[in-house]
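Going down the list, the sequences are from chains A and B. Just so you know, the first sequence maps onto residues 873 to 1001 in the numbering used here. Just so you know, the second sequence maps onto residues 873 to 1001 in the numbering used here. Below you'll find the structure, written out as structure tokens, and then a few comments.
Number of protein chains: 2
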Amino acid sequence: MNDCSYVHTFTYGDDSLAEIHPEHAHIIEQTKANMPSDEILEKTAEVFKVFGDKTRIRILAALSEGEMCVCCLCDLLEMSQSAVSHQLSVLKAARLIKSRREGKQMYYSLDDAHIGAILCTGISHVEED
Amino acid sequence: MNDCSYVHTFTYGDDSLAEIHPEHAHIIEQTKANMPSDEILEKTAEVFKVFGDKTRIRILAALSEGEMCVCCLCDLLEMSQSAVSHQLSVLKAARLIKSRREGKQMYYSLDDAHIGAILCTGISHVEED
DNA sequence: AAAATATATGAACGATTGTTCATATGTTCA
DNA sequence: TGAACATATGAACAATCGTTCATATATTTT
């Protein structure tokens, strides 16, 4: 068991507890107050989950060069049309990409400037080793 | 089947193919040339995969306010010590956080400025709705 | 209208993941 | 040294995920 979790009960009358980590309670309360809501954090995790797959990252990296149709992506990634299309629908549902139709073809592109920025920072983090 | 993937064979003698999407081949080749290597993209996906979990995002959000010990995180997140510790080890293995020991306690903090930036941009993307 | 083309989608299956439970390791204090 | 405390870790199990295969939908062409 871990008594540290009871520090925030503010038992200042009891020296044996109060003296150990009197500042932890403040840190916990303050951090809790400054953090985004659980709902926001959950949605953020869902967004990153979509970034967290090699196929989808490759698609995003390709689209960051400009819009592209499904068949080009299949060719570029050397993957089946079905696999690519499934991942495109995941990316679209998460609003990381958007689409437009031109005749028989669908053209996909990054939804938003944030997407390129997140991708770019992630790549920079990996490259700096 | 999807003939679009054969456009880049440059069959300019065959009008029926060459006229459909003569520019696709260039787009594919140029995109391929500009994209980061598959190895970089795979590593990038692995990094985002680590961001893609609610518990880990909550830990990162907490640590972006400053370093914190394991017991404080357990209290803050209202989760078991084991669950938190397991996720801390995942975050550490991916070098998203670093640790230092002070007596019996381990203090964790964000590893790098990129981590806070990625988290922050992700949250911004979610909040702008 | 029928055939061809481009893309989307449901079912299924193996692979990966996050938690819990039990226990091990490392540090301090008496 | 032994007890208490703080954290780490292995095994296991349910749940989630990404691909393949088969098929459906939408658009254009003949």
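Even for Gly, the Cβ is constructed at its ideal location relative to N, Cα and C. In this text, all values refer to a predicted model and were calculated from it rather than measured experimentally.
For this session: Check the Cβ-Cβ distances between B/Leu960 and every residue of chain A, and say whether any is below 8 Å.
Result: Chain A contact via Cβ: absent.
For this session: Starting from A/Leu960, follow the alpha helix (DSSP H) in both directions and report where the run begins and ends.
Result: It spans 953 to 965 - the alpha helix (DSSP H) in which A/Leu960 sits, taken as one unbroken run.
Problem set entry | Contacts around B/Val942, its chain only, beta-carbon distance under 8 Å, and the 5 residues preceding and following it disregarded | Within the same chain, Gln953, Val956, Ser957, Leu960, Gln977, Met978, Tyr980 come within 8 Å of B/Val942 by CB-CB distance, once the 5 residues on both sides are set aside.
Exercise. What number of angstroms, rounded off, separates the C-alpha of B/Ile929 from the C-alpha of B/Glu895?
Worked result: The alpha-carbon atoms of B/Ile929 and B/Glu895 are separated by roughly 42 Å.
Exercise. Is the beta carbon of B/Ser981 within less than 7 Å of some heavy atom of the ligand SAH?
Worked result: As presented, the structure is devoid of all ligands, the ligand SAH included, so that no description of it is given.
Exercise. Out of curiosity, what's the CA-to-CA distance linking B/Glu901 and A/Leu991?
Worked result: Roughly 21 Å between the two C-alpha positions.
Exercise. Is there at least one Cβ from chain A nearer than 8 Å to B/Met907's Cβ?
Worked result: Yes, B/Met907 counts as interfacial toward chain A.
Problem set entry | Cβ shell of A/Ile987 (< 6 Å), same chain only, five flanking positions each side left out | Shown here for A/Ile987: same chain residues with a beta carbon closer than 6 Å to its own, the five before and five after excluded, namely Leu968 in chain order.
Problem set entry | Test item: CB-CB of A/Val962 and A/Val919 under 8 Å | A distance of 8 Å or more separates the beta carbons of A/Val962 and A/Val919.
For this session: State buried or exposed for A/His997, treating a residue as buried only when at least 16 other CB atoms are found within 10 Å of its CB.
Result: Classified as buried, A/His997 has 16 or more neighbouring CB atoms from the shown chains inside 10 Å of its CB.
Exercise. Which bits of chain A does B/Met940 rub up against, with CB to CB less than 8 Å?
Worked result: Ile899, Thr903, listed in chain order.
For this session: Measure how close the beta-carbons of B/Thr927 and B/Met951 come, nearest whole angstrom, since I'm counting them as under 8 Å.
Result: Yes, they are in contact, since the Cβ atoms of B/Thr927 and B/Met951 sit about 7 Å apart, within 8 Å.
Exercise. Looking at the structure shown, is B/Leu968 part of a helix, part of a strand, or coil, going by DSSP?
Worked result: Secondary structure at B/Leu968: coil, using DSSP grouped into helix, strand and coil.
For this session: Could you have a look at A/Glu999 and say whether DSSP puts it in helix, strand or coil?
Result: Of the three classes helix, strand and coil, the one that applies to A/Glu999 here is helix, per DSSP.
For this session: Establish whether the CB of B/Glu914 and some CB of chain A are separated by less than 8 Å.
Result: A Cβ of chain A is located within less than 8 Å of the beta carbon of B/Glu914.
Exercise. Would you say B/Glu999 reaches chain A, if we count a Cβ-Cβ gap shorter than 8 Å as a contact?
Worked result: The beta carbon of B/Glu999 sits closer than 8 Å to some beta carbon of chain A.
Exercise. Quick one, which of B/Ala966, B/Asp910, B/Lys904, B/Leu948 has its alpha-carbon nearest B/Asp984's?
Worked result: Closest in C-alpha terms to B/Asp984, from the list B/Ala966, B/Asp910, B/Lys904, B/Leu948, comes B/Ala966.
Exercise. How is the alpha helix (DSSP H) around B/Lys976 delimited, first residue to last?
Worked result: Where B/Lys976 is concerned, there is no enclosing alpha helix (DSSP H), given that its DSSP letter is neither H nor E.
Exercise. What three-state label does DSSP hand A/Thr993 in the structure shown?
Worked result: Residue state, collapsed to three classes: helix.
Exercise. Taking the alpha helix (DSSP H) that A/Glu918 falls in, what are its first and last residues?
Worked result: According to the DSSP assignment, A/Glu918 belongs to the alpha helix (DSSP H) that extends over 910 to 923.
Exercise. Which first and last residues belong to the alpha helix (DSSP H) in which B/Asp947 is found?
Worked result: It spans 942 to 949 - the alpha helix (DSSP H) in which B/Asp947 sits, taken as one unbroken run.
Exercise. Using the beta-carbon of each residue, which ones in chain B are nearer than 7 Å to A/Arg930?
Worked result: Leu913, listed in chain order.
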